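First the structure, in the form of structure tokens, and then the observations on it.
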Amino acid sequence: MLAGISNIPAVFPDVTVDRSTLTVERVTELALFDGLRQEWDELLQASDSGCVFLTWEWLSTWWRHLAEGRSLFILIVRRSRKLVALAPFCLRPRSLSRARPLPEVEFLGSGFVGSDYLDIIVRQGDEAEAYQALAAHLGSGSFSLKWTNVKKGENAVAGVLARLGEKGWTTAETATNVCPFIPLAGRTWESYMASLSAEHRYNFHRKWRRLSRDYVARFEQTSTAEQCRDAVGVLIAQHNTRWRDRGGSDAFHTPELIAFHHEFTQIALTRGWLRLYVLRLNEKPAACLYGLLHRGVFSF
């Protein structure tokens, strides 16, 4: 059992694949998690995972506010000293009362925080060896895997699971959320509008004329730390007002989630990722947009 993981040395090599120099190390202490920041960023840049929800900043902030009794269980794959892959995992302890007879390996960033497309980060060109190394490590443990918020289709998780399947593991896949998106690469506002149906264009222009007639509209982008703090407060108030009569929302329903977003938005502002806007009508807040731009991908 790995329930006593906190007593295991924080980083140790314990799997070598074939005769290659790949090793798998396990990180279980916060100081070592913090020390991975620079390597983590370089690996993410060298991978196919251009997702803000896999950044060290998002996941380390999640850990500080939303770990909820989990233990760190980050797996890192190296060739000599070079980082080849990183599995941003944590371990939820066994609980018979919660029908969890074995510890569960989960992704950092799981739960209500809003992470999308969680995955294992792998350097381009090293996928096959990294999948095999991680499967060999995971396949020797006494735990279950519960990986949520993973993009459907081709991803690193699928590569590892395929190799675990060869070792006799069974898997089950469940669709939980739909993440709609609009591809805007190479488009202008005019070309995007032209791609819409005549009905959609008519409705937009009708509502725009009404807005311009009845209100003085101001679209405010957050650009300072003070604006950021105030805008997050407006965002939470607007969101809760919208969902109050619909049974409530789980986006900002705990102090820990609110603290997470207050801290992360400040980090994202510093890194140039934050796209937080407030629409004011006659100087009163009417709507908010909370988005993150990372490596050309806009998430909200």
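Counting from 0, one number per residue, gives the positions in the sequence shown under numbering that gives the first Met the number 0. Heads up, the beta-carbon is just placed ideally off N, CA and C, and yes, glycines get one too. The structure displayed is predicted, hence computed values, not measured ones.
Own chain residues within Cβ distance below 6 Å of residue i, not counting five before or after
i: T221; result: C227, A230 and L275
i: L288; result: Y276
i: T20; result: R78 and S79
i: V296; result: G49
i: R99; result: R93
i: D13; result: Below a pLDDT of 50, predicted positions are generally treated as unreliable, and D13, at 48, falls in that range; the measurement from the model is reported next regardless. Excluding sequence neighbours, D13 sits near nothing in its chain.
i: K145; result: E103 and E105
i: K81; result: none
Residue i versus residue j - alpha carbon distance
i: G113; j: H238; result: 14 Å
i: S59; j: T27; result: 13 Å
i: F251; j: K166; result: 41 Å
i: L133; j: A267; result: 31 Å
i: L85; j: I73; result: 7 Å
i: I119; j: S211; result: 47 Å
i: A66; j: D125; result: 30 Å
i: H293; j: T54; result: 9 Å
i: R186; j: P179; result: 18 Å
i: A157; j: G164; result: 10 Å
i: Y214; j: N281; result: 6 Å
i: L137; j: W62; result: 22 Å
i: D115; j: R209; result: 36 Å
i: A184; j: R245; result: 35 Å
i: A135; j: W39; result: 22 Å
i: G247; j: P182; result: 31 Å
i: A9; j: T240; result: Residue placement at A9 cannot be trusted, given a pLDDT of 32 that sits under 50; what the coordinates show is reported in the next sentence. Whole-angstrom Cα-Cα distance: 45 Å.
i: R270; j: P87; result: 21 Å
i: I257; j: V233; result: 12 Å
CB contact flag (residue i, residue j, <7 Å)
i: Q123; j: R162; result: no
i: S94; j: T147; result: no
i: S143; j: L101; result: yes
i: L71; j: F111; result: no
i: L117; j: V104; result: no
i: V121; j: S194; result: no
i: R205; j: M192; result: no
i: T170; j: L160; result: yes
Residue i, DSSP secondary structure in three states
i: E219; result: strand
i: R200; result: helix
i: V177; result: coil
i: Y214; result: coil
i: P254; result: helix
i: R274; result: strand
i: Y116; result: coil
i: K150; result: coil
i: V10; result: For V10, the predicted structure reports a pLDDT of 39, less than 50, and the residue's modelled location is therefore unreliable. A value from the coordinates is still provided. Coil at V10, not helix or strand.
i: K81; result: strand
i: F299; result: coil
i: R18; result: The pLDDT assigned to R18 is 40, lower than 50, so where the model puts this residue is not dependable; a value taken from the coordinates is nonetheless given after this. R18: coil per DSSP, three-state reduction.
i: G34; result: helix
i: R209; result: helix
i: C287; result: strand
i: M0; result: Residue confidence for M0 is low, a pLDDT of 27 falling below 50, so the modelled location carries little weight; the figure read from the coordinates is stated next. Looking at M0 - three-state DSSP - the assignment turns out to be coil, as it is neither helix nor strand.
i: A86; result: strand
i: L133; result: helix
i: S194; result: helix
Contacts around residue i, its chain only, beta-carbon distance under 7 Å, and the 5 residues preceding and following it disregarded
i: A285; result: L278 and R279
i: W272; result: V51, L291, L292 and H293
i: R36; result: W55
i: T264; result: C227, V231, L273 and L275
i: F259; result: T60, W61, H64, L65 and V112
i: E172; result: none
Nearest-angstrom Cβ-Cβ length linking residue i and residue j, presumed shorter than 8 Å
i: V83; j: A129; result: 5 Å
i: E24; j: I75; result: 5 Å
Close-in-space but distant-in-sequence residues of the same chain around residue i (CB under 8 Å, 5 per side omitted)
i: A174; result: K151
i: A224; result: Q265 and L268
Heavy atom of the ligand GTP within 6 Å of residue i beta-carbon
i: R228; result: This structure lacks the ligand GTP; in fact it carries no ligand of any kind.
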